[in-house]
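If you read the sequence shown in the working numbering, its first letter stands for residue 856, the second for the next number, and so on. All residues carry an ideal CB built from backbone N, CA and C; glycine is no exception. Note that the coordinates shown come from a computational prediction; the quantities given were computed from them, not determined experimentally. Only one structure is covered here, and it is reproduced in the block below.
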Amino acid sequence: MEYDAPTPRPHGELAQDSRPAKTRAARPEIHFLAGAVGGLATSIFTSPLDVLRTRLQSDFYQKPPPKSTIPLDAGTTLARILTGPSRHIQDTLRIFYTIHHAEGWRGLFRGLGPSLTGVVPASAVKFYVYGNCKKFCAQLSNYSENSSIVHAQAAVAAGLATATVTNPIWLIKTRLQLDVRQAAAGTTRQYEDSLDCIRRVLRQEGISGLYRGLSASYLGTVETALHLVLYEQFKLFYRRVMARPDIPESGGIKDWVGTSGAAGSAKLAAVLITYPHEVLRTRLRQAPIENGARKYTGLWQCFQRVRVEEGIAGLYGGLTPHLMRSIPAAIITLGVYEFVIGLV
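Written as structure tokens, this is what we have:
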């Protein structure tokens, strides 16, 4: 009896389970729909943490470092970063109380409108480009669609496309979240709503004003690529572990645990490695505050000014609420995305 020889795998191909194959076989528009639904769910459930994160990343809430700590040596700086979570938690609770006391519960959802307007198309574009670029990149190379190189190429393309399309939306959202009413100081909000913010930005800064922070967003493509590459590999690892015969079937729970574990751990690693770009991007998107002039004029100038005025630790402002938001957000987005893909 003769047997057909097994078809050799292309270079870089890993063992594949049925779920990734189903994901790759989905029609192009399904990736768009699945990403949009995932982004919608994520925006609603994580909005309060997004407001806290944005305000901690800006310099409006930063306390100037004591004179005795400038300059900081490398050991002191590292110690501050490593012991920072307790300080970040205190700052998070302080700002949470301030927002609730001064603005009410609605303040915790400030910017949700533009956030929904941004997250839904951003997530849709990202997964549409990522899901379809994997097949395209695999066809142009000797690597399989399941290899890390193909994942990285598709993730970079998705990150660049998403950043370019949605940067104006994120700028408006950031401006609205930082536009705080300070009754005690006798000041009022600068922007009435999203449309007023757009009009003022265009009138005062021109069309280029809507693309403040785009360079930092492009830098953030590294995080997107790292997150998706790690997610794909962690997903295979978790599913191999959950497929062990000594782990009983539980009606889809094993797949959910694998997806959630992979999404959360991959996001944690990606954020810790690339976080400073988040702070730089938020600072670059701030409204002019020094005599009408921009405090931060470019990516490198912003980095240098934050480093000099606040130390290296300033580049990690808002890390704790960012992790508190981004990890659940990654789990929700990728979980919903995989679920929708699995339905078709």
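Segment limits, alpha helix (DSSP H) that includes residue i
i	result
S1063	Note, S1063: premise wrong, no alpha helix (DSSP H); not H, not E.
F1194	L1174 to L1198
Y1086	T1076 to M1097
W1025	S1003 to L1033
F1158	L1154 to E1165
Simplified DSSP assignment, three categories, for residue i
i	result
Y983	helix
Y1130	coil
Y998	strand
A1118	helix
A1142	coil
A881	coil
R1036	With a pLDDT of 46 at R1036, under the threshold of 50, the modelled position of this residue cannot be trusted; read the value that follows with caution. Residue state, collapsed to three classes: coil.
Contacts around residue i, its chain only, beta-carbon distance under 8 Å, and the 5 residues preceding and following it disregarded
i	result
L1057	G1064 and L1065
R882	V1199
G1116	F1089 and Y1093
A896	I1187, T1188 and V1191
S1070	L1139, G1153 and L1154
F1158	P1131, L1135 and L1170
A1018	L1069, S1072, Y1073, G1075 and T1076
G893	S978, F982, I1187, T1188, L1189, G1190, V1191, Y1192 and V1195
W1111	G1190
For residue j and residue i, believed in contact at Cβ under 8 Å, the rounded distance
i	j	result
H1132	G1075	5 Å
P1176	T947	5 Å
A1013	C988	7 Å
V1134	G1172	6 Å
V1126	E1078	7 Å
L1085	A1124	6 Å
Neighbourhood of residue i by C-beta, 7 Å cutoff - its chain only, sequence neighbours within 5 removed
i	result
S1049	G968, P969, I1027 and L1031
T1021	G973, P976 and A977
I1053	I1027
D1034	R1044, Q1045 and Y1046
L1083	Y985, H1006 and A1010
T1114	K1090, L1189, G1190 and E1193
A1080	A1007, A1010, V1011 and G1014
C-alpha gap between residue i and residue j, whole angstroms
i	j	result
A1016	T901	24 Å
N1002	A1010	At residue 1002 the sequence reads Ser, which differs from the Asn that was named. The alpha-carbon atoms of S1002 and A1010 are separated by roughly 12 Å.
Y1192	A979	10 Å
S1072	L1178	18 Å
F951	K990	44 Å
R1180	G1169	19 Å
R1241	D905	Lying outside 856 to 1199, the shown extent of the chain, residue 1241 is not represented and no answer is given.
A1098	Y1130	34 Å
N997	I1004	10 Å
G1061	R1149	14 Å
E958	R908	17 Å
R965	E1000	40 Å
K1122	I944	20 Å
I1102	A1185	26 Å
7 Å Cβ cutoff, residue i in contact with chain B
i	result
T1188	You won't find chain B in this structure, because it holds only one protein chain.
Residue i CB to nearest heavy atom of the ligand NAD below 6 Å
i	result
L907	In terms of ligand content, the structure shown is empty, and the ligand NAD therefore cannot be addressed.
Cβ-based neighbour list, residue i, same chain, cut-off 6 Å, excluding 5 preceding and 5 following
i	result
L971	S898
P1023	L1065
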